[in-house]
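Below is one structure, written out as structure tokens; the observations come after it.
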Amino acid sequence: MANVIITTYDGKVYTNPEDIKVERNENTEMFYRFLEQFRDERIQKQEDTA
């Protein structure tokens, strides 16, 4: 499994995308789609290995 490290503009570092709380609007929609796709792929991989 790949490690994901996200650094925000204010210098905060997140290793778990679920910990990030960003208001959802038209400016952040692509970011949310990325997180949702990552989450779905991660769940699918966990189901495949179970």
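For the record, in the sequence shown the residue sitting at position 13 is 13 according to UniProt numbering, with numbers rising by one throughout. Every residue gets a Cβ at the ideal spot worked out from N, C-alpha and C, and that includes glycine.
Strand pairing of residue i, partner residues [DSSP]
i: V13; result: T7
Range covered by the alpha helix (DSSP H) that runs through residue i
i: K21; result: Looking at the DSSP string, K21 is not in any alpha helix (DSSP H), and its letter there is neither H nor E.
i: residue 56; result: Because the chain spans 1 through 50 in this model, residue 56 falls outside it and cannot be assessed.
Nearest-angstrom Cα separation, counted from residue j out to residue i
i: N16; j: Q44; result: 17 Å
i: T49; j: R42; result: 11 Å
i: R24; j: Q46; result: 27 Å
i: Y14; j: V4; result: 8 Å
i: D10; j: M30; result: 19 Å
Contact with chain B by residue i, beta-carbon distance below 7 Å
i: R33; result: Within the model displayed, chain B is absent; a lone protein chain is all it includes.
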